[in-house]
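Q: Please read through the structure below; I'll follow up with questions.
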Amino acid sequence: MYLEQLHLQNFRNYQDQFVVFGAPKTILVGANAQGKSNLLEAVELLSTLRSHRTSRDRDLVLDGAPTAQITAQLRRDSGSVDLRLALQISGRRTAMVHSEAVKRQLDFLGYLNAVQFSSLDLDLVRGGPGERRTWLDGVLIQLEPLYAHLLQQYQQVLKQRNAFLKRQRSLNNPNLDPAQLVLWNQQLATLGARVIQRRHRMLNRLEPLAQTWHQAISGQTEHLSLEYEPNVRHDLTQPEQLFPEFLAQMQTKAIAEYHQATSLVGPHRDEVNLTINQTPARQYGSQGQQRTLVLALKLAELQLIEEVIGEPPLLLLDDVLAELDLNRQNQLLDAIQDRFQTLITTTHLGAFDAKWLQSAEVFAVESGYLSAVALNPSLG
Amino acid sequence: MSTVYTRPLARLVEQLQKLPGVGPKTAQRLALHILKRPESEVQALAHALLDAKQQVGQCSICFHLAAEPTCEICRAPNRDEATLCVVADSRDVIALEKTREYRGKYHVLGGLISPMDGIGPDQLTLQALIRRASQPAIQEIILAINPSIEGETTTLYIGQLLKPFTRVTRIAFGLPMGGDLEYADEVTLARALEGRRELD
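If you read the protein sequences in the order shown, they are chains A and B. 788 is the number that the working numbering gives to position 190 of the first sequence; each next residue is one higher, with no gaps. 146 is the number that the working numbering gives to position 141 of the second sequence; each next residue is one higher, with no gaps.
Here is the structure:
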């Protein structure tokens, strides 16, 4: 797929910026805080309706403006798609496909697929389990838009069940309406089991791809594994047993849940163990090795999305390319060639291998304005 | 805002803006429209508002909106006494009545179970529902509640509560009529698959 045009209005620090993408690679160069990442964030929002930088739409709207608007024209194998997302300070959103508002956000997903790789992604290795769950869910939403609905339903049941447990706790009554608790348990287990199975299935498909990339980049010396560790311990080759097992483990933790007034069992506490040569990646190795791992995960993600949807997704490289050494830069370049449309942000062009600048278009970004830069071949 | 409108107009705009679905622009349009109408028409509107508020209450049997102690549906002699349709809200009664297909009576819960909003079974009209369900004349209770998380919990809760008394059913969820399978969204389609039935 190819993003042909992007129009940002009152989005972050952009007042009114229209961009036409004329080359498979677009490099946005500029000092910090000029709006490079904001542009990538706009594409991320069109892709997932989420931003990894904020959860409040207020942050996305230009100061003083009531609404922000992102409009895009996308070319897919099946034809051209017009996407529009309007964001309000109040948090209300309107998403439109071909100028028609979609009824549910779910209907907006799946048109634009993108893999984001930023320096923050090192938190995938170093951060807590929440970082890895967010990443897992983000990939799944792109592969299976229905998962967005499933996850939202699960989170709603979780909120309701937690509210119920808090009420029991505040009234000091563990026997308050047990019939209602049974129903919340059943809903949590039904939806939770589906979340677990989809996460499990996706990681199984992703792992061999990530292993291949990891060996290619690290020179065949290290063995990567992605081990899914669901909070509900269960043999996942027997899916029909998962639901009763989920309920049983909730039963075991019932007293603890009452005292802590929160749900202690379920995929909201899942973990993905990233290990290299059987050692947890967090403890293993240098920053360079951790970068290799994240790069391998991202390339696997790119490949899996392409396999599933049948078209190459966009790649968003946010301030990360300059951090890779030339070997890793070249691995990445070989992987994407000109097949994957790539948007790259950087503070300076100097760290790039010359090959990156071939088939690339360069824009300078300054205070929310883009201007085309004529490439000087000697820059490389 | 208050410097833009003269005081009484500002109050009107402010009141209108409290209505659901009415933003500042719509409120302004409505207010200016009201000012342009003849006084008699505005009086009629004001009276209609007050009369509705003062005269419309809840039916003592089914809790649907009613100007009398009981609603028109509960008083109607020709309706099927053996079937009750349980809904969350009076809006749902109106929607079902528009179909003109249902000839039984209703029971309005007044909400859905939602711990986050502090609504438990005790806040709904469940005691009255149990009393009605236990009458021997009742043969079927249909649960017509939205398939949301809260709706699902409420449906299952009521189902368990009423099973000892009578036959309990729930409405089906699936594809809209005249809709194309190909254009149905995945959630609806998945739900329709779940609720599939044997071909007679």
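Each residue gets a CB set at the ideal place from its N, CA and C atoms; glycine is no exception. These figures come from a predicted structure and were not determined experimentally.
Pull out every residue of the stretch 183 to 202 of chain B whose Cβ sits closer than 8 Å to any Cβ of chain A, in chain order.
A: Against chain A - using a Cβ distance shorter than 8 Å - the residues of the stretch 183 to 202 of chain B are D190, E191, V192 and A195.
Q: What does a CB cutoff of less than 8 Å around E827(A) pick up in its chain, not counting 5 residues either side in sequence?
A: The answer, listed in chain order, is D868, E869, V870 and N871.
Q: Under 9 Å, Cβ to Cβ, is there at least one residue of chain A near Q22(B)?
A: Chain A contact via Cβ: absent.
Q: Tell me which same chain residues have a C-beta within less than 6 Å of the C-beta of I154(B), skipping the five on either side of it?
A: Here the set comprises nothing.
Q: So is R759(A) in contact with chain B if we call contact Cβ pairs under 9 Å?
A: Yes, because at least one Cβ of chain B sits closer than 9 Å to the Cβ of R759(A).
Q: Establish whether the CB of H866(A) and some CB of chain B are separated by less than 9 Å.
A: False, the Cβ-Cβ gap to chain B never drops below 9 Å.
Q: Exposed or buried, what is N630(A) when buried is set at 16 or more other beta-carbons lying within 10 Å of its beta-carbon?
A: Classification of N630(A): exposed, given that the 10 Å Cβ count is below 16.
Q: Express the C-alpha separation of E44(B) and A53(B) in angstroms, rounding to a whole number.
A: Distance between the alpha carbons of A53(B) and E44(B) is about 14 Å.
Q: Assuming Q128(B) and A777(A) are in contact, meaning their beta carbons sit under 8 Å apart, how far apart are those beta carbons, in whole angstroms?
A: The Cβ separation is near 15 Å, so there is no contact.
Q: Under a CB-based cut-off of 9 Å, is R702(A) close to chain B?
A: Output row for R702(A): interface = yes.
Q: Round the Cβ separation of M848(A) and A791(A) to the nearest angstrom and send it over; I've been treating them as touching at under 8 Å.
A: That pair is no contact at about 12 Å.
Q: When the cut-off is 9 Å and only beta carbons count, does K764(A) lie next to chain B?
A: Yes - at least one Cβ of chain B is within 9 Å of the one on K764(A).
Q: Please confirm if T158(B) has its CB atom under 9 Å from at least one CB of chain A.
A: Yes, its Cβ sits closer than 9 Å to a Cβ of chain A.
Q: Looking at C-alpha atoms only, which residue of V793(A), S884(A) and N770(A) is the closest neighbour of I853(A)?
A: Taking only the C-alpha atoms, the option nearest I853(A) is N770(A).
Q: Restricting to runs no shorter than 3 residues, where is the beta strand (DSSP E) found entirely within the stretch 101 to 166 of chain B?
A: Entirely contained in the stretch 101 to 166 of chain B, the beta strand (DSSP E) runs reaching 3 residues are, in chain order, 110 to 113 and 145 to 148.
Q: Tell me which residues share the same chain as V61(B) and place their Cβ nearer than 6 Å to its Cβ, disregarding the 5 neighbours each side in the sequence.
A: So the qualifying residues of the chain are L70 and A72.
Q: Taking DSSP as the reference, what is the three-state secondary structure of M182(B)?
A: The answer is coil: DSSP assigns M182(B) none of H, G, I, E or B.
Q: Identify the contact partners of Q751(A) in chain B, using a Cβ-Cβ distance below 7 Å as the criterion.
A: Within 7 Å Cβ-Cβ: I154.
Q: Assuming R682(A) and Y600(A) form a contact by the criterion Cβ under 8 Å, report the distance between their Cβ atoms to the nearest whole angstrom.
A: Not quite, the Cβ-Cβ distance comes to about 18 Å (not below 8 Å), so this is no contact.
Q: Go through its chain and collect everything with a Cβ distance to R108(B)'s Cβ below 7 Å, but skip five positions before and after it.
A: Around R108(B): R84 and D85.
Q: Look at the alpha carbon of W733(A) and the alpha carbon of T160(B), and state the distance between them as a whole number of angstroms.
A: Roughly 35 Å between the two C-alpha positions.
Q: Indicate the three-state DSSP secondary structure (helix, strand or coil) for L17(B) in the structure shown.
A: If DSSP states are grouped into helix, strand and coil, L17(B) belongs with the helices.
Q: If you count every other CB in all the chains shown that lies within 10 Å of the CB of G711(A), and 16 or more means buried, which is it?
A: Before going on, a small fix: residue 711(A) reads as Asn here, not Gly. When all chains shown are included, N711(A) counts as buried.
Q: What first and last residue would you give for the alpha helix (DSSP H) that runs through Q858(A)?
A: From DSSP, the alpha helix (DSSP H) with Q858(A) extends over A852 to Q858.
Q: For H747(A), would you say it is in contact with chain B, using Cβ-to-Cβ distances shorter than 9 Å as the test?
A: Interface residue, yes.
Q: If contacts are defined as beta-carbon pairs under 8 Å, then A808(A) and L895(A) qualify, I think. What distance do you get, rounded to the angstrom?
A: So it is a contact: roughly 5 Å between Cβ atoms.
Q: Mind listing which residues of the stretch 114 to 125 of chain B have their C-beta closer than 9 Å to chain A's C-betas, in chain order?
A: From the stretch 114 to 125 of chain B, only I118, S119, P120, M121, D122, G123 and G125 have a Cβ closer than 9 Å to chain A.
Q: Please compile the residues from chain A whose C-beta is within a distance smaller than 8 Å of the C-beta of Y162(B).
A: Simply A777, Q778 and L781.
Q: Grab the span of the alpha helix (DSSP H) containing E642(A) for me, first residue to last.
A: First-last of the alpha helix (DSSP H) with E642(A): K634 to T646.
Q: Quick one: which chain A residues come within Cβ less than 7 Å of Q165(B)?
A: Chain A residues near Q165(B): A777.
Q: Tell me which same chain residues have a C-beta within less than 6 Å of the C-beta of R759(A), skipping the five on either side of it?
A: Excluding sequence neighbours, R759(A) sits near W782, L786 and S861.
Q: Please state the DSSP three-state secondary structure of G978(A).
A: Unreliable placement is indicated for G978(A), whose pLDDT of 41 sits below 50; the coordinate value is still reported in the next sentence. In this structure, G978(A) counts as coil in the three-state DSSP scheme.
Q: At the 9 Å Cβ level, is L922(A) part of the contact set with chain B, yes or no?
A: Answer no: the Cβ-Cβ gap between L922(A) and chain B never drops below 9 Å.
Q: Which of the residues in the stretch 656 to 676 of chain A, read from start to end, lie with their CB under 8 Å from any CB of chain B?
A: Cβ contacts with chain B come from no residue of the stretch 656 to 676 of chain A.
Q: I need the straight-line Cα distance from D705(A) to P82(B), nearest angstrom please.
A: About 46 Å.
Q: Rounded to whole angstroms, what's the CA-CA distance from Y612(A) to Y967(A)? Just pull it up for me.
A: Computed Cα separation, rounded: 7 Å.
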